[in-house]
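Following the UniProt record's numbering, the numbering of the sequence shown begins with 1 at its first residue and continues without gaps.
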Amino acid sequence: MALRLAMVGGGPGSFIGPVHRMAAELDGRIRLVAGVFSRDPAKNAKAAADWGVAPDRVYPDHHAMIAAERARDDGVDLVSVVTPNHLHFDVSAAALKGGLHVISDKPATLNLAQAQELAEIVAASGKRYGLTYTYTGYPMVREAREIVARGDLGSVRKVVVEYSQGWLSKPLERDGDNKQASWRADPSQSGVGGCIGDIGVHAFNIAEFVTGVRVERLCADVSTVVPGRGLDDDCNVLLRFEGGARGVLIASQISAGARNGLTLSVYGEKGGLTWSHEDPNVLTLDWLDGPSQVFHAGSGYLGAAARAVTRLPTGHPEGFIEAFANIYRDFADAIDGHGGGFVPDIAEGVRGMAFVERAVAASRDDAGWVKLEGEGR
């Protein structure tokens, strides 16, 4: 039987809400049956009608939803949180305390203190908590992780991750009709990080996911380029990893002409690998003393982790929805007790918020190299 899902947020005007809904239902493991899709009653009802949710399971707020669903014999099993950042903590905490599993859009919360408190709530609840760091769901990203973990590249020496967009090159947040720009540029809804909290955390997460090592120290230049903008829109961060590897992280939303340019390169003693989100079904390996190799998604020579999240034969492209769906399918496996080890959890949520707050503060204070966690340099 499919797990029953409630969604909070994601109504008309949302980019990520429909993506969550499609991804959750793609494999038939999860079915959307309830939700609070908008604070606007008309938009709330429209989203429910569009997605086949019965009118009696559309609620005015998440507290009413949790109480009503707990009282039903066919109540929901999990809640998907797809609101702006400032609501992530309240919805997640209420759902967990109400005995429901939670899968949330990133970042985990508005700030680090909330993320740390949420970690305690997750531990006390005994329920599953996952974050949709979507790019970890791509087959070739999981193949890259396996290659590094196997030691094929030798010890990791350098990591370069770039996530460049250009859509905020103009002050779109001043256009009252652009919902996506307006909340992302509002500190009360987005938190202390703008670009760094929106896409920088993705870059940070994929770097740690693929390498299997953590960032220990950073040196950040987090800036606001568009005049009058309330949060950062361009970030350049030097990284030092456990074991001595060096790294560079670039995140920008004012790189005019860039679309969704997430690219990761990992270099070891023997060679390096490169993966790009805009060509996600290809992984390139370049060797110090050997010919280059190009790996393709869906191929039989790939490792078990990549094959497990591939739906189509090689040459048939899979993309963003499928990668998102892999996170949801892994989460369903975790709830059902069948693994789910690849789902980013609250620990990664705490690290993401620590990265955002530490980088923003270090850049503001011109502090140079600082520890990622804890105080001091």
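For each residue, glycine too, the CB sits at the ideal point set by N, CA and C. Predicted model only: the values in this text are computed from it and were never measured.
The C-alpha of Asn-44 lies about 16 Å from the C-alpha of Ser-80. Counting every other CB atom within 10 Å of its CB across the protein chains shown gives Lys-127 a total of 16 or more, marking it as buried. Note on geometry: alpha-carbon atoms of Ile-103 and Pro-291 lie some 42 Å from one another. With three or more CB-CB distances shorter than 8 Å, the region 83 to 97 counts as touching the region 111 to 120. Collapsing the DSSP output to three states places Phe-241 in a strand. In this structure, the CA atom of Val-76 is about 11 Å from the CA atom of Ala-67. Classified as buried, Glu-173 has 16 or more neighbouring CB atoms from the shown chains inside 10 Å of its CB.
The UniProt domain "GFO/IDH/MocA-like oxidoreductase" (141 to 273) contains, as complete alpha helix (DSSP H) runs of 4+ residues, the segments 179 to 184, 187 to 190, 201 to 211 (chain order).
Note that the C-beta distance between Val-350 and Arg-358 is not below 8 Å. As the crow flies, the alpha-carbon of Pro-107 is around 7 Å from that of Asp-198. Using a C-beta cut-off of 8 Å, the region 180 to 187 makes no contact with the region 265 to 276, since fewer than three inter-stretch Cβ pairs fall below that distance. The region 15 to 30 and the region 55 to 69 do not touch, with fewer than 3 CB-CB distances between them shorter than 8 Å. When Cβ pairs closer than 8 Å are counted between the two stretches, the region 6 to 20 is seen to touch the region 34 to 41, the count reaching three or more. Burial check for Pro-280: the Cβ neighbour count within 10 Å reaches 16 or more, so the residue is buried. Secondary structure of Met-1 (DSSP, three-state): coil.
Judged by DSSP in its simplified three-state form, Val-309 adopts coil rather than helix or strand. Just measuring C-alpha positions, the residue of Glu-318, Ala-220, Asn-85, Ile-327 sitting nearest Ala-251 is Ala-220. Listed in chain order, the non-local C-beta contacts of Thr-83 below 7 Å within the same chain comprise Val-8, Gly-9, Val-91, local neighbours out to five positions each way being set aside.
Judged by DSSP in its simplified three-state form, Leu-87 adopts helix. For Gly-349, the secondary structure class from DSSP, reduced to helix, strand or coil, is helix. The secondary-structure analysis by DSSP pairs Ser-80 across a beta bridge with Met-7, Ile-103.
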